[in-house]
Amino acid sequence: MAKRRVGDILSVTSLLPAIISVIFFFIKRGPDFDIYFGIILFSILSIIGIIFAVVSLVLSKKRIFGWVGLITNVLILVYAFFLQLAMGIGEP
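Residue 152 is where the sequence shown starts when you use my numbering, and the numbers rise one by one after that.
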């Protein structure tokens with residue numbers, strides 16, 4: 152496959168971890184949810200999405216999906232960081 156085609160596929164694939172994270176957030180919210188599992192899942196998915204987005208930005212000529220994937224996954228990683236920070240502050 153050509154580098155450009157691989158970059159296009161990875162740019163769309165970089166959006167999938169962000170979409171999965173948002174769906175998971177809305178499905179598993181509530182008082183009986185293990186928050187640390189959510190933090191780990193959000194972090195792993197966003198790191199995978201960031202890696203896909205960076206590789207797609209290097210390989211692809213269509214950079215809009217790569218940038219959108221990078222920004223959304225960085226925002227989810229920041230959300231997971233603030234959630235971890237809040238859990239650390241809240242516990243005695």
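Beta carbons are placed, not taken as given, at the ideal position from N, Cα and C, and that holds for glycine.
Here D183 is exposed, its C-beta having fewer than 16 other C-beta atoms within 10 Å. In the structure shown, D183 adopts coil according to DSSP, grouped into three states. The beta carbons of F176 and F193 sit closer together than 9 Å. Within the stretch 202-243, no run of beta strand (DSSP E) at least 3 residues long lies entirely inside it.
Across the set A204, S162 and A231, the C-alpha of A231 shows the shortest separation from the C-alpha of S172. Between the stretch 209-226 and the stretch 156-165, the count of C-beta pairs closer than 8 Å reaches three or more; the two stretches touch. Annotated three-state conformation of A169 is helix, per DSSP.
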